[in-house]
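Numbering-wise (the working numbering), the sequence shown opens with residue 178 and increments by one. Structure first, commentary second.
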Amino acid sequence: MATTTTTTTTTLQTVRSRATKSARCSKKRRERKQVLEMLRKMVPFVNEHTPLLELLQKVIDYITELQEYF
């Protein structure tokens, strides 16, 4: 009986651990998406279909341009 209880407890802990990890990953994904959306709105000539690497390059270019201007 003790083995069954231990196995059940271990299985329950594993399920909870996976659920917690999944929730953390989902939260990080949502936060990343929000930040990328903010960047897309701030940088000219970028839209929602711009690939990530191109977006980051345009952000760098835009910041460099602003630094030169001011």
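Heads up, the beta-carbon is just placed ideally off N, CA and C, and yes, glycines get one too.
Just to confirm before moving on: does the CB-CB distance between residue i and residue j stay below 9 Å?
i, j, result
"residue 221", "residue 239", "yes"
"residue 214", "residue 231", "no"
"residue 192", "residue 216", "no"
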